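Q: Below you will find the structure I want to go over with you.
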Amino acid sequence: MSLLEARKTYKPFEYPWAYEFWKRQQQIHWMPEEVPLGEDCRDWAQKITESERNLLTQIFRFFTQADVEVQDCYHDKYGRVFKPTE
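Take the sequence shown: its letter number 63 is residue 58 in the working numbering, and every next letter is one higher.
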């Protein structure tokens, strides 16, 4: 199977080693469901100053825009070449 040809089925995997590698990579960073965020809204409203809130907002905007740019690049440059395989 070629990486440049679309595949209609998800399993069985053509490259099971790649899936195992992806699963190991996911364990390197935290996942949203693993981190309790219940107090964050209260902390945002009560524990930080307006200037801290402004700084954090600018940082969040930067990372959000960076993620958008990366996705646009993947979509524009690679999405046309590499078809969904697995």
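Even for Gly, the Cβ is constructed at its ideal location relative to N, Cα and C.
No experiment lies behind these values; they were computed from the predicted model shown.
Using 8 Å as the threshold, is the C-beta distance between E0 and K78 below it?
A: Yes, these two residues count as a Cβ contact at 8 Å.
Q: If you draw a straight line from the C-alpha of R19 to the C-alpha of I54, how long is it?
A: In a straight line, the C-alpha of R19 is about 28 Å away from that of I54.
Q: Could you tell me the alpha carbon to alpha carbon distance between F58 and T52, rounded to whole angstroms?
A: When rounded, the distance between both Cα atoms is 10 Å.
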